[in-house]
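Data block below; observations after.
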Amino acid sequence: MTPNTAVFRQIFKECLTVTKNTYDYLPNANAEYPFVYIGESSNTPNNNSELMGMVRQTIHVYGELKKRSGVDDIVANLHDKITSLISAYGYNVQVDRINEQTLPDNSDTTPLLHTVLDVYLTYTKKGE
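Numbering follows my numbering, with no gaps: position 87 of the sequence shown is 106.
If you want it as C-alpha cells, here you go:
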C-alpha cells in the first residue's frame, strides 16, 4: 500500500469515529449536514523512496452557517484525533502541522461553512 493510501485510510477511519457522515467523495445535495469529505492527497517521498517522506491530506468539513458550533465541534474532534496518530497501515506517522481555513460557501440554497484542514504528516515504513 502506498503511503498516501495508508494515511487516507487511517484518516477516514478516524473521521468515522467523529461523525458517521464521512465520505471519500463529495456527496450529492441530499447529504445530511454537517459532513466530512476526505479529499485531495499528495506524497513527497525522500530520495524517491517509499521508506520515508511526507504526505499532505486535505479534509473538508461542510455544515450549515447557522449551526457553526456543530462544524466547530467536528473540526476540534478531528484535530484531536489526527494529532494523536502514530501509525497508518504499515507506516509510522507523525503530524507535523494542520493548516485550517474556514470559508463561507454559497453553492447550496442554504448558506454553508466550509472548513478545510490541510494535514501534513511525515512517515517511515515499518519494518517487516
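The C-beta atom is built at its ideal place from N, Cα and C for all residues, glycine as well.
C-beta atoms of residue i and residue j nearer than 8 Å
i: Val114; j: Leu131; result: no
i: Pro22; j: Asn62; result: yes
i: Thr38; j: Glu59; result: no
i: Gln120; j: Val135; result: yes
i: Tyr52; j: Glu83; result: yes
i: Ile105; j: Glu33; result: no
i: Val74; j: Tyr142; result: yes
Cα-Cα separation between residue i and residue j, rounded to whole angstroms
i: Ile93; j: Val112; result: 22 Å
i: Thr129; j: Tyr108; result: 38 Å
i: Ile57; j: Phe27; result: 8 Å
i: Lys145; j: Asn40; result: 31 Å
i: Ser103; j: Gly89; result: 22 Å
i: Asp91; j: Thr36; result: 16 Å
i: Val86; j: Gly72; result: One detail in the question is off: residue 86 reads as Lys in this sequence, not Val. Those two C-alpha atoms are separated by around 38 Å.
i: Asn5; j: Asn96; result: Because the chain in this structure spans residues 20 to 147, residue 5 falls outside the shown range and cannot be described.
i: Met20; j: Gln29; result: 12 Å
i: Ala25; j: Leu45; result: 20 Å
i: Asn66; j: Asn125; result: 43 Å
Three-state class that DSSP yields for residue i in the structure shown
i: Leu70; result: coil
i: Asp43; result: coil
i: Lys144; result: strand
i: Ile57; result: strand
i: Glu51; result: coil
i: Ser106; result: strand
Rounded Cβ spacing between residue i and residue j (contact assumed at less than 8 Å)
i: Phe31; j: Asp43; result: 6 Å
i: Ile117; j: His98; result: 6 Å
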